[in-house]
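> Mind the numbering: the sequence shown is residues 646 to 1037 in the working numbering, read in order.
Every residue gets a Cβ at the ideal spot worked out from N, C-alpha and C, and that includes glycine.
These numbers come from a predicted model, not from an experiment.
Okay, here's the structure, questions in a sec.
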Amino acid sequence: MAAPRLVQFESVSALRDAAAAWDDLWQRSEVALPIGRAELVAQWIEAAAPRAGLRALAVEQDGQLVAAMPLLGGTIKRLIRVGRLPTNDWSWAGDLLVDPSADSDAAMELLALAVGRLPWRLLWLDGVAIESPRWMQFVAALESVGLAIDRREQFRVGTIEIDHDWPAYRASWSGNHRHQMRRMENRARREGSLSLTVLRDMRREQVEPLLRRGFEVECRGWKGTGGTAVLNSREMLGYYCRLARQLAEWGQLQLTFLELDGRPIAFEFGWNAKGVYCSPKVGYDEAFRQLTPGQLLRHELLERFFADPEQRLFDFVGPLAEATLKWITGSYKIGRLAVGTERRGGRAMVEMLRRYGKWKGGSKFRGGREPHIEECGDKSNFLASAAGSQRD
């Protein structure tokens, strides 16, 4: 077995050239979200931060990548230069990818040493699954090479284990939740013919018309009223169409419509990969609010998943909310990881964070163009907005 070596990709084109190896690592890793794949990281950078410097770190061993993490340059408080994962207030991409079957301790040590030599004084990593094996192992490696670290929990994400025993799962709900779902199903069926359409096998040319149909449902909800629906921003719609077309090509896009007499009253944009379904965006028609269409869609979709032997987990992606707490069987932590590099002042900044918790005035990230926020006025965190879409 050859010794692992560090590899760096310093442009979007270089990352795309390495897409086959990067995606092969994604397939072997525990990461199920397809936004960790090279092409979707590249698309995010082109849409949100085309001028931010890319520094993707990877470890290669025996001709294949065994660990990788994409990093971008940015600033916090308009002054402090930091390295970030590809993420901002409207979307995110990338993750720490690790092959669990490789010598991951050696790979993590190489990544940690490379972090210490980065051109930024800090790594400021938001949206990290801080209790997952890969991130805990990376933190241990950072500490072993003497780097200062500060970890903060940001929120928890709900999950549903798909054990394929639908009656037992329903029995685990609260009595109020079971009663509400029966009542809403009966009320909806009295209104007309209720049906669920789940689309996973789509050609590229079919994707945009279907997305527009779904986002029209979102626009008839509270986001449309508030001006933060996808259709309110040409740039955001363009990004989602590119993302969805690529996911459809891989067979990892899922679009779900709940229809009443053929009219869509709820819509969900989802990712389905490695047996894990992720629900980043849900919308419903306010005109049918009394039917709780988002909850009805969730009920009908889960019943199908419990009958599908290939599904193993439902991930709500966004922060826990009252509407999602009714369904979950588990949860995991999402947090922020701050790492001081070997650059002068890096350790002192982390020590200040440990002492005070945050810098006065917050830590607004600036890492390139963010047209979607400026165009649609939605300053809320994308993950939080995903949970908010289910607040019926």
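(1) Skipping 5 residues on each side, what residues in its chain have a beta carbon closer than 6 Å to that of leucine 965?
(2) What would DSSP say about glycine 1013, mapped onto helix, strand or coil?
(3) Would you grab the beta carbon distance between glutamine 891 and alanine 918 for me? Rounded to a whole angstrom, and I think it's under 8 Å.
(4) Buried or exposed for tyrosine 1001, going by 16 or more other Cβ atoms inside 10 Å?
(5) Just to confirm, is the Cβ distance from aspartate 662 to alanine 712 under 8 Å?
(6) Please determine if the segment 770–789 and the segment 993–1000 are in contact, where contact requires at least 3 C-beta pairs separated by less than 8 Å.
(7) What three-state label does DSSP hand asparagine 821 in the structure shown?
(8) Can you give the Cα-Cα distance for glutamate 798 and alanine 693, rounded to whole angstroms?
(9) List the residues that DSSP assigns as beta-bridge partners of aspartate 748.
(10) Assign arginine 996 to one of three DSSP states: helix, strand, or coil.
(11) Can the beta-carbon of leucine 742 be found less than 8 Å from the beta-carbon of leucine 670?
(12) Is leucine 767 near alanine 983, with beta carbons less than 8 Å apart?
(13) Counting C-beta neighbours from all protein chains within 10 Å, is the total for methionine 847 16 or more, i.e. buried, or is it exposed?
(14) Whole angstroms is fine: what's the gap from tyrosine 977's alpha carbon to glutamate 776's?
(15) Would you call the segment 902–910 and the segment 938–955 in contact, with 3 or more CB pairs under 8 Å?
(16) Measuring alpha carbon to alpha carbon, tell me which residue in Pro954, Phe914, Leu702 and Ala665 is nearest leucine 755.
(17) Hey, how far is the Cα of alanine 889 from the Cα of threonine 842?
(18) Give the C-beta separation of glutamine 706 and alanine 647 to the nearest angstrom, bearing in mind that I take them to be a contact with Cβ-Cβ under 8 Å.
(19) Is there contact between the segment 944–960 and the segment 807–819, where contact requires at least three CB pairs shorter than 8 Å?
(20) Classify glycine 719 as buried or exposed, calling it buried when 16 or more other Cβ atoms lie within 10 Å of its own Cβ.
(21) Within the same chain, show all residues whose beta-carbon is closer than 7 Å to that of glutamate 948, passing over the 5 residues directly before and after it, in chain order.
(22) So, is asparagine 821 buried or exposed, given that buried needs 16 or more other C-beta atoms within 10 angstroms?
(23) Could you name the residues that DSSP lists as bridge partners for serine 976?
(24) Which residues mark the beginning and the end of the beta strand (DSSP E) in which glycine 718 is found?
(25) Does DSSP put methionine 714 in a helix, in a strand, or in coil?
(26) Can you tell which of Pro715, Leu724 and Ala774 has its C-alpha closest to the C-alpha of glutamine 653?
(27) Using the C-alpha atoms, what's the distance from serine 736 back to glycine 1022?
(28) Buried or exposed for glutamate 904, going by 16 or more other Cβ atoms inside 10 Å?
(29) Counting only the same chain and skipping the five closest in sequence on each side, list residues whose C-beta sits under 7 Å from that of glycine 920.
(30) For lysine 868, report the span of its alpha helix (DSSP H) as first-last.
(31) Could you tell me which of Met881, Gly681 and Val657 sits nearest to aspartate 668, measuring between CA atoms?
(32) Might you give, ordered along the chain, the residues of its own chain that have their beta carbon closer than 8 Å to the beta carbon of serine 746, omitting 5 neighbours on each side?
(33) Classify proline 925: buried if its beta carbon has 16 or more other beta carbons within 10 angstroms, exposed otherwise.
(34) What separation, rounded to the nearest whole angstrom, lies between the Cα atoms of glutamate 967 and asparagine 877?
Straight from the coordinates:
(1) In the sequence shown, the residue the question calls residue 965 occupies position 320. So the qualifying residues of the chain are Arg801 and Gly803.
(2) Translated into the one-based positions of the sequence shown, residue 1013 becomes position 368. The predicted position of glycine 1013 is uncertain, since its pLDDT is 37 and thus under 50; no value can be drawn from it.
(3) Numbered from its first residue, the sequence shown carries residue 891 at position 246. Numbered from its first residue, the sequence shown carries residue 918 at position 273. In fact, because the Cβ distance is near 12 Å, the residues do not count as touching under 8 Å.
(4) Here residue 1001 refers to the residue found at position 356 when the sequence shown is read from its first residue. Under this definition tyrosine 1001 is an exposed residue.
(5) Position 17 of the sequence shown, counting from 1, holds the residue named residue 662. Position 67 of the sequence shown, counting from 1, holds the residue named residue 712. Not a contact, by the Cβ cut-off of 8 Å.
(6) no
(7) Walking along the sequence shown from the start, residue 821 turns up at place 176. In the structure shown, asparagine 821 sits in a helix (DSSP, three-state: H, G or I).
(8) As a first step, residue 798 must be located in the sequence shown, where it is residue number 153. As a first step, residue 693 must be located in the sequence shown, where it is residue number 48. Their backbone Cα atoms lie some 25 Å apart in a straight line.
(9) Reading the sequence shown from its first residue, position 103 is the one you call residue 748. Aspartate 748 is not bridged to any residue.
(10) Looking up residue 996 in the sequence shown gives position 351. In the sequence as displayed, the identity of residue 996 is glutamate instead of arginine. It is helical.
(11) In the sequence shown, residue 742 corresponds to position 97, counting from 1. In the sequence shown, residue 670 corresponds to position 25, counting from 1. Closer than 8 Å, so yes.
(12) Stepping through the sequence shown from its first residue, residue 767 is reached at position 122. Stepping through the sequence shown from its first residue, residue 983 is reached at position 338. Yes, the Cβ-Cβ distance between leucine 767 and alanine 983 is below 8 Å.
(13) Translated into the one-based positions of the sequence shown, residue 847 becomes position 202. Methionine 847 comes out buried.
(14) Here residue 977 is taken as the residue at index 332 of the sequence shown, counted from 1. Here residue 776 is taken as the residue at index 131 of the sequence shown, counted from 1. Cα-Cα distance, rounded: 7 Å.
(15) yes
(16) The sequence position of residue 755 within the sequence shown is 110, counting from 1. Of Pro954, Phe914, Leu702 and Ala665, the residue nearest in Cα terms is Leu702.
(17) On the sequence shown, position 244 is the one that residue 889 refers to. On the sequence shown, position 197 is the one that residue 842 refers to. Whole-angstrom Cα-Cα distance: 17 Å.
(18) By one-based count along the sequence shown, residue 706 stands at place 61. By one-based count along the sequence shown, residue 647 stands at place 2. Confirmed, Cβ separation roughly 6 Å.
(19) yes
(20) Sequence index remark: in the sequence shown, residue 719 carries index 74 (1-based). Flag for glycine 719 reads buried.
(21) Here residue 948 refers to the residue found at position 303 of the sequence shown. Trp811.
(22) Taking the first residue of the sequence shown as position 1, residue 821 is located at position 176. Per the 10 Å Cβ criterion, exposed.
(23) Within the sequence shown, numbered from 1, the residue matching residue 976 stands at position 331. Answer is Gly803.
(24) Residue 718 sits at position 73 when you count from the first residue of the sequence shown. Per DSSP, glycine 718 belongs to the beta strand (DSSP E) from 717–721.
(25) Position 69 of the sequence shown, counting from 1, holds the residue named residue 714. Methionine 714 falls in the strand class under three-state DSSP.
(26) As a first step, residue 653 must be located in the sequence shown, where it is residue number 8. Nearest option by C-alpha distance: Pro715.
(27) One-based indexing of the sequence shown puts residue 1022 at position 377. One-based indexing of the sequence shown puts residue 736 at position 91. In this prediction, glycine 1022 scores a pLDDT of 26, lower than 50, which makes its location untrustworthy; the coordinate-derived value is nonetheless stated afterwards. If you take the alpha carbons of glycine 1022 and serine 736, they lie about 14 Å apart.
(28) By 1-based counting over the sequence shown, the position of residue 904 is 259. That one is buried.
(29) By one-based count along the sequence shown, residue 920 stands at place 275. Result list for glycine 920: Glu955, Gln956, Arg957 and Leu958, in chain order.
(30) Position 223 of the sequence shown holds residue 868. Residues 867–871.
(31) As a position in the sequence shown, residue 668 is number 23, starting the count at 1. With distances taken between Cα atoms, aspartate 668 lies closest to Gly681.
(32) Locating residue 746 in the sequence shown gives position 101, where the first residue counts as 1. Closer than 8 Å at Cβ, skipping near neighbours: Arg673.
(33) Within the sequence shown, numbered from 1, the residue matching residue 925 stands at position 280. Classification for proline 925: buried.
(34) What you label residue 967 is simply residue 322 of the sequence shown in a count that begins at 1. What you label residue 877 is simply residue 232 of the sequence shown in a count that begins at 1. If you take the alpha carbons of glutamate 967 and asparagine 877, they lie about 27 Å apart.
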